[in-house]
Every structure is written in C-alpha cells, then in structure tokens.
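Trainee:
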Amino acid sequence: MDILPLHSWLNTDNKPVVIAGPCSAETPEQVNEVAKGIAQIPQVKIMRAGIWKPRTRPGSFEGMGSIALPWLVSAAKENGLLSACEIATPKHVEEALKAGVDVLWIGARTTVNPFSVQDIADALQGVDVPVMVKNPVAPDLQLWIGAIERVASAGVNKIIAVHRGFQTIAKTKYRNNPLWEIPIELKTMFPGLPLFIDPSHIAGKSELVADVAQKALDMDMDGLMIETHPNPANALSDARQQITPAELTSLISNLELRHANSTNLEFQSRLEELRSIMDSIDEEMLRVIARRMAIAEKIGEYKYQNHVTILQMKRWKEILETRTAIGNSVGLEEEFVKALMQLIHKESIHVQTELVRKQQE
Ligand code: PEP
Ligand code: MN
0 MDILPLHSWL NTDNKPVVIA GPCSAETPEQ VNEVAKGIAQ IPQVKIMRAG IWKPRTRPGS
60 FEGMGSIALP WLVSAAKENG LLSACEIATP KHVEEALKAG VDVLWIGART TVNPFSVQDI
120 ADALQGVDVP VMVKNPVAPD LQLWIGAIER VASAGVNKII AVHRGFQTIA KTKYRNNPLW
180 EIPIELKTMF PGLPLFIDPS HIAGKSELVA DVAQKALDMD MDGLMIETHP NPANALSDAR
240 QQITPAELTS LISNLELRHA NSTNLEFQSR LEELRSIMDS IDEEMLRVIA RRMAIAEKIG
300 EYKYQNHVTI LQMKRWKEIL ETRTAIGNSV GLEEEFVKAL MQLIHKESIH VQTELVRKQQ
360 E
C-alpha cells in the first residue's frame with residue numbers, strides 16, 4: 000500500500016495530534032461554539048462532526064444531514080482547522096466533497112461491509128482527499144485491513160486507521176472492548192500507516208476517556224479522536240461519552256507524552272504495550288474461569304438432584320489426563336497444568352459443596 004506519512008499532509012508539530020468535535024453537528028451555534036473552543040488547543044488540527052448518523056434503531060436522531068455540511072466546513076475554516084465527517088454511501092462522498100469537507104471517514108458500521116466500502120472507494124477514485132478508516136464493529140483485523148486496501152486501491156494515499164474498540168461477548172468496563180492486540184498487530188504489519196485511537200467510542204463514558212487516551216499514547220499511537228460537545232448532557236447522540244472543550248484542554252495537558260527517540264522510553268512504551276496485552280488476556284482468562292465455575296455449579300445441582308457424590312475419581316483422572324495432554328500440545332509444562340487444574344478443580348468442588356450446603360439449609 001502506498002500511504003503517505005502523516006506529517007506530509009497534516010501539521011504534526013504539536014503532539015499528540017488530536018481530532019475533536021461533536022459526535023453530531025446539531026445546530027450552527029453548537030458547531031461554532033465547539034470550533035472556537037477546540038481551536039484554542041494547539042494539538043487539535045481537525046474538527047469532526049457527524050452529519051449522517053448510523054443509529055442502531057430507527058427513530059433516534061439520525062443526524063442533520065446535508066444542511067449541516069456548510070456549518071461544519073465554515074466553522075472549521077474560520078478557526079483554522081480542517082473539517083471531517085463520516086461518509087457511508089457514494090452520495091455522502093459526493094455531497095461532502097461538494098461542500099468542501101477536508102477529511103472523510105468510514106465508520107465502524109460501514110467497514111464491516113466490503114460492498115459498501117467498495118462503493119465508497121469507487122466514489123473516491125481520482126479524488127485527492129484524506130480518508131480515515133475506523134475498525135469494523137467486529138474484532139476482525141482482516142476486515143479492517145481489507146477496507147484500508149480498498150480505499151488505497153482507489154488511489155487515496157492519505158489514510159489514517161482509527162481504532163474505536165470492538166463489540167465482543169466478553170463485557171468490559173468500556174462501551175467497546177479495546178482488544179489492544181488488534182491495533183498493535185495492524186501497526187506491526189503496516190508501520191507506515193498512521194494509527195489513531197478514538198477513546199470516546201472505546202470508553203463510552205466521559206470519565207474513562209482520559210485513561211484510554213493515556214493508554215493510546217503509552218502505546219505510541221499517532222493521534223487521538225475525541226468527541227467534544229459544549230453541553231454533553233444535552234447532546235443528541237453519544238451524550239454519555241462526550242466532554243466539553245474545557246475538559247479536553249485539561250485532558251490533553253494532563254497526558255504524559257513518551258518520546259520514541261529515547262531507547263529507555265522506547266522500552267517503556269513497548270513494555271506498556273505488552274502489559275496491556277497481558278491485562279486483556281488475564282481479564283479474558285478470569286472470565287473464562289468464571290464461566291467454568293458456573294458450569295460446575297450446574298453440574299453440582301444435577302448431581303444433588305440425582306443423589307450422586309460430588310467427587311468422582313474416574314472423572315477427575317480423566318480431566319487431569321486430557322488437560323495435561325492439551326497443555327503439552329500448546330507447550331505448557333505438565334507440572335504447571337496439573338497444579339493449575341488441581342486449583343481449579345478444588346474450587347469447583349468448593350462451589351458444588353457450597354451449593355449442597357445451601358440446598359440442605
Ligand atoms: C462516530 O464517530 O460518531 C461514530 C459513529 O463512530 P463509530 O463508527 O466508531 O461507531
Ligand atoms: Mn459518536
């Protein structure tokens with residue numbers, strides 16, 4: 000893929016590079032107020048605002064549509080910022096370009112669909128406009144790469160990948176599971192591709208945005224996209240996760256920047272990366288164990304109803320044998336797997352005896 004470095008088309012003098020603006024453009028006044036507020040922050044280079052909103056259910060606010068395009072374009076321009084909006088169809092591309100929007104982005108609900116992405120790519124053929132590609136809603140790196148490739152194949156060479164988290168069965172404290180290993184893998188595969196983080200859509204709650212933003216910097220990501228609204232509580236979309244321009248100012252000034260040119264700090268940020276991956280693996284592991292315990296409890300109930308003893312040696316022997324074999328096949332020491340299974344088994348027995356005790360009370 001032929002992708003230009005960020006600094007060749009965007010002023011990246013003030014780190015981190017930030018894209019800010021409301022989830023949705025609502026009124027000319029709201030758009031102007033945000034533009035004025037965020038333009039005071041030297042790191043903010045691009046103003047975002049949703050014009051057409053992809054909503055889960057019909058009937059909620061679906062964006063102001065094309066009438067809001069000139070609000071965004073002029074507010075951004077008057078405040079020395081580039082403008083950006085989401086496009087989901089060739090018609091959106093055409094209207095946004097006609098209105099003079101500087102940067103376009105493909106949203107998470109569009110990236111999942113290669114037909115839609117291809118339609119957009121076809122509409123971008125021969126147009127020199129930067130395009131941001133958000134990750135698909137589903138944790139599928141190939142789908143994300145595919146969308147980026149389709150856009151690049153249309154001749155677009157100013158591309159930014161935006162990580163906004165994933166919908167997963169495993170629930171986390173965030174609205175969208177960050178699964179940091181996926182953007183890190185993208186970065187490893189395409190080191191020249193600028194990669195931004197959208198802490199707002201990952202966090203889903205305004206009070207968690209700063210932590211996610213810091214994590215993004217610790218992992219040496221290239222920039223941030225943060226939803227900013229003059230009055231978040233009354234926002235027509237994503238009210239819970241937006242912050243005010245004043246809050247954005249303090250969030251950015253509290254961020255700790257790591258400098259990639261010091262070997263020691265490079266080590267630090269790599270360490271952070273690995274620790275983050277480890278954190279999410281541990282969380283996943285504990286959730287899996289909790290699921291196993293819930294099954295153990297169910298089994299305990301059946302055993303109790305059918306007057307069967309809790310501990311059955313034959314079954315336990317079989318568990319030990321099969322699990323150590325699996326461990327062996329994935330490179331885990333037999334002694335370790337045995338000790339781990341003993342610990343888990345002991346807890347399962349405990350869960351089942353507790354259940355029997357309660358039933359007999
Ligand atoms: C947005 O940026 O407002 C948006 C709808 O994001 P996503 O596509 O990541 O859900
Ligand atoms: Mn939003």
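Just so you know, the sequence shown maps onto residues 0 to 360 in numbering that gives the first Met the number 0.
The C-beta atom is built at its ideal place from N, Cα and C for all residues, glycine as well.
1) Just to confirm, does Arg56 get its C-beta within under 7 Å of one of the non-hydrogen atoms of the ligand PEP?
2) Kindly indicate which three-state DSSP category Leu9 falls into: helix, strand or coil?
3) Is the CB-CB distance between Ser65 and Val72 below 8 Å?
4) Please report the distance separating the alpha-carbon of Leu250 from that of Gly79.
5) I want to check one thing, is the minimum distance from the CB of Ser236 to the heavy atoms of the ligand MN below 7 Å?
6) Measuring only the C-alpha atoms, how far is Lys97 from Gly49?
7) So is the beta-carbon of His200 under 7 Å away from any non-hydrogen atom of the ligand FAD?
8) Taking Cβ to Cβ, would you say Leu354 is nearer than 8 Å to Glu283?
9) Would you mind giving the Cβ-Cβ distance between Ile2 and Ala215, rounded to the nearest angstrom? I have them listed as a contact below 8 Å.
10) Please list, in chain order, all residues of the same chain as Thr323 whose beta carbon is under 7 Å from its beta carbon, the five residues on each side excluded.
11) Would you grab the beta carbon distance between Leu68 and Glu94 for me? Rounded to a whole angstrom, and I think it's under 8 Å.
12) Just to confirm the assignment, what range does the beta strand (DSSP E) spanning His306 have?
13) When you compare only the Cα positions, how much space is there between Arg257 and Asp221?
14) Taking only runs of the alpha helix (DSSP H) that begin and end inside the stretch 203-290, which ones reach a length of at least 4 residues, in chain order?
15) Measuring alpha carbon to alpha carbon, tell me which residue in Leu285, Ile325 and Ser347 is nearest Thr171.
16) Pick helix, strand or coil for Gly49, following the three-state DSSP scheme.
17) Rounded to whole angstroms, what's the CA-CA distance from Asp210 to Val161? Just pull it up for me.
18) Taking just the CA atoms, how far does Glu184 sit from Ser279?
19) Nearest to Gln359 by CA position, among Met218, Leu310 and Tyr303, is which residue?
20) Is it buried or exposed, Glu28, if we count other Cβ atoms within 10 angstroms and call 16 or more buried?
21) Could you please give the first and the last residue of the uninterrupted beta strand (DSSP E) stretch that includes Trp104?
22) How is Lys357 classed by DSSP in three states: helix, strand or coil?
23) Once you ignore the five residues that flank Asp116 on each side, which residues in its own chain have a CB closer than 6 Å to its CB?
24) Since Gly131 sits in a beta bridge, which residues does DSSP pair it with?
25) If we call anything under 8 Å between Cβ atoms a contact, is Gly164 one with Asn176?
26) Is DSSP giving Lys44 helix, strand or coil here?
27) Pull up the CB-CB distance for Asp197 and Ser268, whole angstroms please, since I reckon it's below 8 Å.
28) Given a cut-off of 8 Å on the beta-carbon distance, is the pair Ser199 and Ile225 in contact?
29) Considering only residues of the same chain and omitting the five flanking positions on each side of Ala120, which have a CB-CB separation below 7 Å?
Mentor: A quick look at the data gives this:
1) As a working mapping, residue 56 is identified with position 57 in the sequence shown. Arg56: no, Cβ never under 7 Å from the ligand PEP.
2) Position 10 of the sequence shown, counted from the first residue, corresponds to residue 9. DSSP places Leu9 in coil when its eight states are reduced to three.
3) Within the sequence shown, residue 65 is the residue found at index 66, counting from 1. Within the sequence shown, residue 72 is the residue found at index 73, counting from 1. No, these two residues do not count as a Cβ contact at 8 Å.
4) Position 251 of the sequence shown, counted from the start, is the residue given in the question as residue 250. Position 80 of the sequence shown, counted from the start, is the residue given in the question as residue 79. For Leu250 and Gly79, the distance between alpha carbons rounds to 21 Å.
5) Your numbering for residue 236 matches position 237 in the sequence shown. The answer is yes for Ser236.
6) For the purposes of this step, residue 97 is taken as residue 98 along the sequence shown, with counting starting at 1. For the purposes of this step, residue 49 is taken as residue 50 along the sequence shown, with counting starting at 1. Cα to Cα, the separation comes out at about 16 Å.
7) You won't find the ligand FAD in this model; what it holds is the ligand PEP and the ligand MN.
8) In the sequence shown, residue 354 corresponds to position 355, counting from 1. In the sequence shown, residue 283 corresponds to position 284, counting from 1. Result no, Cβ atoms of Leu354 and Glu283 do not sit closer than 8 Å.
9) As a position in the sequence shown, residue 2 is number 3, starting the count at 1. As a position in the sequence shown, residue 215 is number 216, starting the count at 1. About 20 Å separates the two Cβ atoms, so there is no contact after all.
10) Counting from one through the sequence shown, the residue named residue 323 turns up at place 324. Cβ within range, chain order: Glu333, Val336 and Lys337.
11) For this step, residue 68 is matched to residue 69 along the sequence shown. For this step, residue 94 is matched to residue 95 along the sequence shown. Going by Cβ atoms, the distance from Leu68 to Glu94 rounds to 7 Å, so yes, they are a contact pair.
12) Position 307 of the sequence shown, counting from 1, holds the residue named residue 306. Element bounds for His306: n/a, residue is neither H nor E.
13) Counting from one through the sequence shown, the residue named residue 257 turns up at place 258. Counting from one through the sequence shown, the residue named residue 221 turns up at place 222. When rounded, the distance between both Cα atoms is 12 Å.
14) 208-217 and 244-253
15) Taking the sequence shown and counting its residues from 1, one reaches residue 171 at position 172. Checked all of Leu285, Ile325 and Ser347; the closest Cα to Thr171 is Leu285.
16) For the purposes of this step, residue 49 is taken as residue 50 along the sequence shown, with counting starting at 1. Looking at Gly49 - three-state DSSP - the assignment turns out to be strand.
17) Your numbering for residue 210 matches position 211 in the sequence shown. Your numbering for residue 161 matches position 162 in the sequence shown. Approximately 17 Å between the Cα atoms of the pair.
18) Here residue 279 is taken as the residue at index 280 of the sequence shown, counted from 1. Here residue 184 is taken as the residue at index 185 of the sequence shown, counted from 1. Spanning the two alpha carbons is a distance of roughly 15 Å.
19) Taking the first residue of the sequence shown as 1, we reach residue 359 at position 360. The option with the nearest alpha carbon to Gln359 is Tyr303.
20) Translated into the one-based positions of the sequence shown, residue 28 becomes position 29. Glu28 comes out exposed.
21) As a first step, residue 104 must be located in the sequence shown, where it is residue number 105. Where Trp104 is concerned, the enclosing beta strand (DSSP E) stretches over Val102 to Ile105.
22) The residue given as residue 357 occupies position 358 in the sequence shown. Here Lys357 sits in helix by DSSP.
23) By one-based count along the sequence shown, residue 116 stands at place 117. The sequence shown places Val at residue 116, not Asp. Answer for Val116: Ala146 and Arg149, listed in chain order.
24) Numbered from 1 along the sequence shown, position 132 holds the residue referred to as residue 131. This sequence places Met at residue 131; Gly is not what is there. Met131 pairs with Trp104 and Ile159.
25) By 1-based counting over the sequence shown, the position of residue 164 is 165. By 1-based counting over the sequence shown, the position of residue 176 is 177. Result yes, Cβ atoms of Gly164 and Asn176 sit closer than 8 Å.
26) Taking the sequence shown and counting its residues from 1, one reaches residue 44 at position 45. Lys44 falls in the strand class under three-state DSSP.
27) Start at 1 with the first residue of the sequence shown, and residue 197 comes out as number 198. Start at 1 with the first residue of the sequence shown, and residue 268 comes out as number 269. That belief does not hold up - the Cβ atoms of Asp197 and Ser268 are roughly 20 Å apart, past 8 Å.
28) The residue given as residue 199 occupies position 200 in the sequence shown. The residue given as residue 225 occupies position 226 in the sequence shown. Result yes, Cβ atoms of Ser199 and Ile225 sit closer than 8 Å.
29) Stepping through the sequence shown from its first residue, residue 120 is reached at position 121. These residues qualify, in order along the chain: Arg149, Val150, Ser152 and Ala153.
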